[in-house]
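Beneath this line is the structure, given in structure tokens, with notes to follow.
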Amino acid sequence: MSASLEPSLQAPRTFWLTARAAFIAVVLAVLALLPAYAALSGDSFVLILFTRVLILAIGAVSLNLIMGYGGMVSFGHAAYLGIGGYAVGILAKEGINAGLVQWPAAIAVSALYALVVGALSLRTRGVYFIMITLAFAQMIYYVAIGLDRYGGDDGLTIYKRSQFGGVLDLNNKSLFYYLCFALLLASIYLVARIVNSRFGLVIQGARANERRMRAIGFPTFRYKLACFVIAGAMCGLAGALLANHTNFISPALMHWTRSGDLIVMVVLGGLGSQFGPLIGAVVFLLLEEGLSRLTEYPDLVLGPILLLVAIYLHGGIEGLLKGRHG
Amino acid sequence: MAAPDRLWRRMLYFIEQCLNGVQLGMLLFLLAAGLTLVFGIMDLVNLAHGSLYMLGAYFAATFAVLTGSFVAAILLALAASLVAGVALEVVAIRRLYGRSHLDHVLGTFGLLLFFNELVRLVWGPAGMTLALPPQMLTAVQIIPGVYYPLYRLVIILAALAVAALLYLVVMRTRLGMLIRAGASNREMAGALGVNIKLLYTLVFGLGAALAGFAGVMQAPILTVQIGMGENIIILAFVVIIIGGIGSIRGAFVAAILVGLIDTVGRAFLPDLLRHALSTNAASTLGPALSSMSIYMLMAAILVFRPEGLFPAASR
Chain A
208 MSASLEPSLQ
218 APRTFWLTAR
228 AAFIAVVLAV
238 LALLPAYAAL
248 SGDSFVLILF
258 TRVLILAIGA
268 VSLNLIMGYG
278 GMVSFGHAAY
288 LGIGGYAVGI
298 LAKEGINAGL
308 VQWPAAIAVS
318 ALYALVVGAL
328 SLRTRGVYFI
338 MITLAFAQMI
348 YYVAIGLDRY
358 GGDDGLTIYK
368 RSQFGGVLDL
378 NNKSLFYYLC
388 FALLLASIYL
398 VARIVNSRFG
408 LVIQGARANE
418 RRMRAIGFPT
428 FRYKLACFVI
438 AGAMCGLAGA
448 LLANHTNFIS
458 PALMHWTRSG
468 DLIVMVVLGG
478 LGSQFGPLIG
488 AVVFLLLEEG
498 LSRLTEYPDL
508 VLGPILLLVA
518 IYLHGGIEGL
528 LKGRHG
Chain B
197 MAAPDRLWRR
207 MLYFIEQCLN
217 GVQLGMLLFL
227 LAAGLTLVFG
237 IMDLVNLAHG
247 SLYMLGAYFA
257 ATFAVLTGSF
267 VAAILLALAA
277 SLVAGVALEV
287 VAIRRLYGRS
297 HLDHVLGTFG
307 LLLFFNELVR
317 LVWGPAGMTL
327 ALPPQMLTAV
337 QIIPGVYYPL
347 YRLVIILAAL
357 AVAALLYLVV
367 MRTRLGMLIR
377 AGASNREMAG
387 ALGVNIKLLY
397 TLVFGLGAAL
407 AGFAGVMQAP
417 ILTVQIGMGE
427 NIIILAFVVI
437 IIGGIGSIRG
447 AFVAAILVGL
457 IDTVGRAFLP
467 DLLRHALSTN
477 AASTLGPALS
487 SMSIYMLMAA
497 ILVFRPEGLF
507 PAASR
């Protein structure tokens, strides 16, 4: 495809003592110490805000796997947040609160949806792929609106968070925060392992030149589909976390503009970089929060910022840190 | 006599729903034509296309209040949409040409957020309504027993007229020739002395005017509100996927197909399900399934024709 979809194919170079590594280390340290700060200052809002940041960062990390490394620009990623969330919500409503049932269900249903949508969408490429993933996500959005038993348009309140047999109490805000943090780090690690494996190299090869990959004998469709399903399952878990975080789910969770938010996070942070989605999620959500405190019309500023990022900031914030832009 | 009478009434209802479907289809065509034109010629994915639709509706409602005349409001709103489109192209869109589709998505997503907020700033968070003139409020008897609102017929006819005009402009005028030349090979057209920059601005303005026109026509039927373009624009995307991106003819056929299937599906699918399933299951599944119908259609068409029904020849 085109130039800005082609970040580095080579393995990350010297990691230590670069501006980028220092920045990431600071971000991780701040995130790790945040519950302590919240407890000392008594500011529980900051903890709630950052829990949300971590959860959406998991979604962004999964999107980065297919979009950044695989070149598959999926504009329907919020559907998995919704599916994962609804899996938890519907099971809770039917009286099944066990997390060991709810979370695997969220992952499995998301993976299944990704399998069907991927099998159909990956037949196409380029702008068709963008629009088809968008349209399928919109379909799920309308299906959720049609679910009268589960609140329809008004959404569904979840009265009991997922139960883990007394081992983990998700009502404990700090504990839930650290759980999300651990799962985020695990997903970043998983994506890094996938990307640097043989499987991941095939995926990246297919992004760079799919015809050539096929010519040397790789069934790229199957590789890409598997990658698409892994990303969907990962984001489904983020959906299950989000439902537990807000105790509420509604179709608005998967409105297509939410998919747009996830894309913004990935591109803002830096397409196809390990920590880019996390940085993008932190910056985007803090920007959103900060602007809405400063002005009554936050999007009047946020919108043009996104436009300027699209026009001028190639490679996102990660690209800036590496000194690679344009 | 009871049964045939009921059947007849259902038949009339069916015809009415079909007309509603055609009307939705016409609206979708106006939106999809602009989208597909802009994509076909400038290779630009424009998520903010729905914002231009929204702006058209707000312009119409505002000018109706200012001038007190429905016709003047429509004409002024159309002109304002064109101007807004040209201004948008010159200020922002122009800088996105030749970039990756992902950059287009990000940039125009930002524009969409911006326009929603701008409308909230200028017109306030409450929606607006546009009243129809009294002579438009009547219903016409199309065939014996079927009365159909005059204004909806006007929408269908106006959109058909626009479609015909668009065809004539693209296929029979010098401007249309340049547009087609730009679509098939922009470097060559530029090398032969066509002012590509100006041409792109004009095409984007034309697309904006078409979207604005759709908003203007729809304003008296719906509430004019923030975000009104966000859901309909996805349907327009479905239309151009089914029709084949870049093809105006494909957009026309697919728009009517999508309009009909969506409207008729919503009207009749729950009833049909009731025959097959228990009432309870049907009332749960009905609304969900009928809103899925056009996406099923899209999936089915993609399986057989991944490039849509009328793939544009040059791409």
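Protein chains in written order, with this note's numbering: chain A, 208 to 533; chain B, 197 to 511. All C-beta atoms, glycine included, are put in the ideal place defined by N, C-alpha and C.
Within 8 Å of chain B by C-beta, residues of the stretch 334 to 350 of chain A in sequence order: Considering only beta carbons, the part of the stretch 334 to 350 of chain A lying closer than 8 Å to chain B consists of Val-334, Tyr-335, Ile-337, Met-338, Ile-339, Leu-341, Ala-342, Phe-343, Gln-345, Met-346, Tyr-349 and Val-350, in chain order.
Helix, strand or coil at Ala-305(A) [DSSP, three-state]: Secondary structure of Ala-305(A) (DSSP, three-state): strand.
Contact the stretch 246 to 253 of chain A vs the stretch 398 to 416 of chain A: 3+ CB pairs below 8 Å: Too few Cβ pairs lie closer than 8 Å, so no.
Pair within 8 Å by beta-carbon distance, Leu-322(A) and Val-471(A): No.
Pair within 8 Å by beta-carbon distance, Leu-431(B) and Leu-224(B): It is a contact, given that the beta carbons lie within the stated cut-off.
Cβ pair Ile-512(A), Val-234(A) closer than 8 Å: No. Outside cutoff.
Reduced DSSP category for Leu-363(A) - H, G, I as helix; E, B as strand; rest coil: Looking at Leu-363(A) - three-state DSSP - the assignment turns out to be strand.
Straight-line gap, Gly-306(B) to Pro-340(B) (C-alpha atoms, nearest Å): Using only the alpha carbons, I get a separation of about 51 Å.
Proximity to Asn-406(B) [Cα-Cα], best of Met-238(B), Val-499(B), Leu-469(B) and Leu-271(B): Checking the sequence, you will find Leu at residue 406(B) rather than Asn. The residue with the shortest Cα to Cα distance from Leu-406(B) is Leu-271(B).
Status (buried if at least 16 other CB within 10 Å, exposed otherwise) for Glu-383(B): Its Cβ having fewer than 16 others within 10 Å, Glu-383(B) is exposed.
Test item: CB-CB of Gly-482(B) and Leu-465(B) under 8 Å: Yes. Within cutoff.
Nearest-angstrom Cα separation, counted from Gln-337(B) out to Leu-159(B): Past the boundaries of the shown model lies residue 159(B); chain B is included only from 197 to 511, so the question cannot be answered.
Enclosing beta strand (DSSP E) for Ala-335(B) [first to last residue]: First-last of the beta strand (DSSP E) with Ala-335(B): 335 to 339.
For Met-338(A) and Ala-389(A), the rounded distance between their alpha carbons: Our two residues, Ala-389(A) and Met-338(A), have alpha carbons roughly 33 Å apart in a direct line.
Closer than 8 Å to chain A by CB, Gly-455(B): Output row for Gly-455(B): interface = no.
Rounded C-alpha distance that separates Ser-510(B) from Ala-377(B): Caution applies to Ser-510(B), whose pLDDT of 42 falls short of 50 and renders its modelled position unreliable; the value that the coordinates give is listed next. Approximately 11 Å, taken between the alpha carbons.
C-beta neighbour in chain B for Leu-216(A), strict 8 Å: For Leu-216(A), the predicted structure reports a pLDDT of 49, less than 50, and the residue's modelled location is therefore unreliable. The matter cannot be settled from this model.
Bounding residues of the beta strand (DSSP E) (the contiguous stretch that carries Val-342(B)): First-last of the beta strand (DSSP E) with Val-342(B): 342 to 345.
Cβ-based burial, Asp-458(B) [other Cβ within 10 Å; buried from 16]: It counts as buried.
Residues, ordered as in the chain, of the stretch 288 to 305 of chain B that lie near chain A by beta-carbon distance below 9 Å: Listed in sequence order: Ala-288, Arg-291, Leu-292, Gly-294, Arg-295, Ser-296, His-297, Leu-298, Asp-299, His-300, Val-301, Leu-302, Gly-303, Thr-304 and Phe-305.
Below-8 Å beta-carbon distance, Val-308(A) vs any chain B residue: Not an interface residue.
Contact with chain A by Arg-316(B), beta-carbon distance below 8 Å: Output row for Arg-316(B): interface = yes.
Where Gln-331(B) falls: helix, strand or coil (DSSP): Of the three classes helix, strand and coil, the one that applies to Gln-331(B) here is helix, per DSSP.
Exposed unless 16 or more other CB atoms sit within 10 angstroms - verdict on Ser-209(A): Caution applies to Ser-209(A), whose pLDDT of 43 falls short of 50 and renders its modelled position unreliable; the value that the coordinates give is listed next. Here Ser-209(A) is exposed, its C-beta having fewer than 16 other C-beta atoms within 10 Å.
Sequence-distant residues of its chain with Cβ nearer than 7 Å to Gly-439(A) (five each side left out): Cβ neighbours of Gly-439(A) beyond the five flanking positions: Tyr-287, Ser-317, Ala-318, Tyr-320 and Ala-321.
Reference Asn-427(B), options Gly-289(A), Met-346(A), Ala-299(A) and Ser-457(A), closest by Cα: Closest option to Asn-427(B), Cα to Cα, is Met-346(A).
Cross-chain neighbours of Gly-510(A) in chain B, by beta carbon under 9 Å: Residues of chain B passing the Cβ test: Phe-305, Gly-306, Leu-307, Leu-308, Leu-309, Phe-310, Phe-311, Asn-312, Glu-313 and Leu-314.
Chain B residues whose Cβ lies nearer than 9 Å to that of Tyr-504(A): Those are Glu-313, Leu-314, Arg-316 and Leu-317, listed as they occur along chain B.
Chain A within 8 Å of Pro-321(B), Cβ atoms only: Chain A contact via Cβ: absent.
Span of the alpha helix (DSSP H), counted from its first residue to its last, around Ala-440(A): Here the alpha helix (DSSP H) through Ala-440(A) covers 427 to 453.
Alpha-carbon to alpha-carbon, Ala-399(A) and Leu-536(A): The displayed coordinates of chain A run from 208 to 533. Any statement about residue 536(A) would go beyond what the structure contains.
Residues of its chain near Leu-308(B), where Cβ-Cβ distance is below 6 Å and the 5 sequence neighbours each way are ignored: The residues are Leu-243, Ala-244 and Ser-247.
Three-state secondary structure assigned by DSSP to Ile-231(A): The answer is helix: DSSP assigns Ile-231(A) an H, G or I state.
Contact the stretch 369 to 384 of chain A vs the stretch 438 to 452 of chain A: 3+ CB pairs below 8 Å: By the criterion of at least three beta-carbon pairs nearer than 8 Å, the stretch 369 to 384 of chain A is in contact with the stretch 438 to 452 of chain A.
Cα-Cα separation, Pro-214(A) to Leu-473(B): Note on Pro-214(A): pLDDT 49, under 50, position unreliable in the model; the coordinate value appears next. Going from the Cα of Pro-214(A) to the Cα of Leu-473(B) covers about 53 Å.
Asp-468(A), buried or exposed, once every other Cβ within 10 Å from all chains shown has been counted against 16: By the neighbour-count rule (16 or more Cβ atoms within 10 Å), Asp-468(A) is buried.
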